[in-house]
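Visitor:
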Amino acid sequence: MSETASLPLGSCQQLLDLIAEKGLIQAAMEHEAEHAAMRATNFGTLAFGLSVIVASVCVFLFLGRFTDKLWRRIAVMAIGVLIFEIFTAPMWINNSLGRWAYVYADVSWILTLGWTAMILGVVVMVDHWFATWSAAKRFGVYVGVLLVLVLIAEIVVFNLGIRRYAPEVLESISGLRILGVPIEVFYYAPVFTSLIIAFYKYWIFLIDGVAMVPVKRRNWLRALVIGFIAVFMFELLIEPMVRNDNFPAWSYVYHDISFVMTCCWVVIIAVAALLTDRFLMGVPVPIRFGVALLVIGALMLPIESWLISNGYRVYGDSAVANFSGFTTPITGVAAEVAFAIPFYAALMVCFIRHWEIVLDNHL
Numbered sequence: 046m047s048e049t050a051s052l053p054l055g056s057c058q059q060l061l062d063l064i065a066e067k068g069l070i071q072a073a074m075e076h077e078a079e080h081a082a083m084r085a086t087n088f089g090t091l092a093f094g095l096s097v098i099v100a101s102v103c104v105f106l107f108l109g110r111f112t113d114k115l116w117r118r119i120a121v122m123a124i125g126v127l128i129f130e131i132f133t134a135p136m137w138i139n140n141s142l143g144r145w146a147y148v149y150a151d152v153s154w155i156l157t158l159g160w161t162a163m164i165l166g167v168v169v170m171v172d173h174w175f176a177t178w179s180a181a182k183r184f185g186v187y188v189g190v191l192l193v194l195v196l197i198a199e200i201v202v203f204n205l206g207i208r209r210y211a212p213e214v215l216e217s218i219s220g221l222r223i224l225g226v227p228i229e230v231f232y233y234a235p236v237f238t239s240l241i242i243a244f245y246k247y248w249i250f251l252i253d254g255v256a257m258v259p260v261k262r263r264n265w266l267r268a269l270v271i272g273f274i275a276v277f278m279f280e281l282l283i284e285p286m287v288r289n290d291n292f293p294a295w296s297y298v299y300h301d302i303s304f305v306m307t308c309c310w311v312v313i314i315a316v317a318a319l320l321t322d323r324f325l326m327g328v329p330v331p332i333r334f335g336v337a338l339l340v341i342g343a344l345m346l347p348i349e350s351w352l353i354s355n356g357y358r359v360y361g362d363s364a365v366a367n368f369s370g371f372t373t374p375i376t377g378v379a380a381e382v383a384f385a386i387p388f389y390a391a392l393m394v395c396f397i398r399h400w401e402i403v404l405d406n407h408l
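In our numbering, the protein residues as written are 46 to 408.
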C-alpha cells in the first residue's frame, strides 16, 4: 500500500454504504476480501509476528524473577496500551500481520503485546536497578530508554511494510525522516510512553497497597498545572485526528492546539475531581475513578457536540471513515467520540493522580 494512499478500505462507514448499495451478503463478501488483502501476511511480517510473541513471553518469564503480581502488571499495562491504540487507530494503518492478528479495525493484538512487553520490561527493570532513585528520576530513565526502543521498533515495522501513516498524519509532519520514520517520533514517543506509564503506575500503587501520606487538602494549583500538562500532551498525540478551527488566533499555542480547548478539558477534569472529593470520600478508588470518568463524559459530550456543530472541532477523514454511523441521543455526536472521551480522560486523570501521589509522598 502506498503511504500516500487515502483511506484504507473496509472502514465502518464504507461497509454501511456498501450494504445499502449491494445488499448484506455481497457487501460482506467484498468487505472481507478487502480486509483479507490488507491483512495478508508475508514471510517478513509473519516472522515479525512470531518473534514478537516469543520475545514477549520470554520478557514476561524474565520479569517474574524481579517482581510479584506479574499477571496483574501485564494486564494493567496492556489495558493502557490498548486504550491508546484503539482510540488513535485512525492515525495509522497496520498491514500484513495476518487475519488472525487483529482485534478491532487494524488494531493488532501482536503490536499490543509487543508494546506491553517493551514498556513493562523497561519499567520493572529500571525500578529494580535504580530502586533508590526518586520516582521522577526513574520516570525520566523509563522515557529515555523507551525513546530509543520505540524508534527502533517504528523503523522495523515501517520498513517491513506493517506500519503506514494516515494522510492527516503525513500532512502534519515536517517530512524529515530517520530510516523512513518521521522525526516527530522524538516527541511522540515520550508523550505516548509517559501517559501509558503514568496510567500503569497509578493502578500499581493501588494493587501493591503502597502506604500513602494522608492529604487533608488537595493542592489545586499544582493539580491544575499537572492537568494542563497532561491534556496538552494528549492533544499533541491526537492532533492529526481532529482540528480546532475558528478559535481566537491568540489561543493557538502549537499548530491547531488551542489554549481555550486545553483549559476546557482541564476545568472539566477539575470539576469531576472536586465532586468526587466532596461526595465520594471513603468510597473505593475504582468506584470513584469510574464516577469521575462518567462525570467528565457527561460534561464534555454536550460541549463537544456544540463545538462540532459550530465548526470548532473538525474530525479528519480517516477518523470519520472509522465511525460506524451510530450517534448518541440528543447530542448527535458519533458513538466512537462519545466512548473515546472517558477513555481519553482515563489516561489524563491517571497521569495527574500519579504525579500528585509522587509529590505528596516524596517518592
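Where a beta carbon is used, it is the ideal one built from N, C-alpha and C, also for glycine.
Which value, in whole angstroms, describes the spacing of the CA atoms of PHE93 and TRP400?
Guide: 36 Å
Visitor: For the beta strand (DSSP E) containing TRP295, list its first residue and its last residue.
Guide: Careful: TRP295 lies outside any beta strand (DSSP E) and carries neither H nor E.
Visitor: Have a look at ALA211, GLY327 and THR321 and flag the residue whose alpha-carbon is nearest the alpha-carbon of VAL336.
Guide: Minimum Cα distance to VAL336 is reached at THR321.
Visitor: Between ALA364, ASN406, CYS395 and GLU381, which has its C-alpha nearest GLU213's C-alpha?
Guide: ALA364
Visitor: Assuming the contact rule is C-beta atoms closer than 8 Å, PRO135 and MET286 should be a hit. Round their C-beta distance to whole Å, please.
Guide: 6 Å
Visitor: Is ALA180 near VAL403, with beta carbons less than 7 Å apart?
Guide: Yes. Within cutoff.
Visitor: Can you pull the DSSP bridge partners for TYR147?
Guide: SER153
Visitor: In this structure, how does DSSP classify ARG358 when only helix, strand and coil are distinguished?
Guide: DSSP places ARG358 in the strand class (E or B) of the three-state scheme.
Visitor: Is TRP137 helix, strand or coil when you go by DSSP?
Guide: Residue state, collapsed to three classes: strand.
Visitor: Per DSSP, what kind of secondary structure is VAL394 in: helix, strand or coil?
Guide: helix
Visitor: Can you tell me whether ASP151 is buried or exposed, with buried defined as 16 or more other CB within 10 angstroms of its CB?
Guide: buried
Visitor: Compare the beta carbon distance of THR161 and ALA123 with 7 Å and say whether it is the shorter of the two.
Guide: yes
Visitor: To the nearest angstrom, how far is the alpha carbon of ALA317 from that of GLY159?
Guide: 34 Å
Visitor: What would DSSP say about ARG183, mapped onto helix, strand or coil?
Guide: Helix.
Visitor: Taking the straight line between their C-alpha atoms, what separation do you get for ALA146 and ARG209?
Guide: 17 Å
Visitor: Within the same chain, show all residues whose beta-carbon is closer than 6 Å to that of ALA390, passing over the 5 residues directly before and after it, in chain order.
Guide: LEU338 and ILE341
Visitor: Does the Cβ of ALA343 have 16 or more other Cβ atoms within 10 Å, making it buried, or fewer, making it exposed?
Guide: exposed
Visitor: Could you check how far apart the C-beta atoms of ILE241 and PHE129 are, in whole angstroms? I think they sit under 8 Å.
Guide: 6 Å
Visitor: Would ILE131 and LEU142 be called neighbours here (beta carbons separated by less than 7 Å)?
Guide: No; because the gap between Cβ atoms is not below 7 Å, this pair is not in contact.
Visitor: What number of angstroms, rounded off, separates the C-alpha of TYR245 from the C-alpha of HIS300?
Guide: 30 Å
Visitor: Tell me the DSSP secondary structure of ALA366 in three-state form.
Guide: helix
Visitor: Relative to the alpha-carbon of MET306, which residue among THR376, PHE111, ARG117 and ILE353 has its alpha-carbon at the smallest distance?
Guide: When each option's Cα is compared against that of MET306, the closest is ILE353.
Visitor: Compute the Euclidean distance between the alpha carbons of GLU381 and ASN367, then round it to the nearest angstrom.
Guide: 8 Å
Visitor: CB-CB under 8 Å to LEU194, same chain, minus the five flanking residues each way: which ones, in chain order?
Guide: MET163 and VAL167
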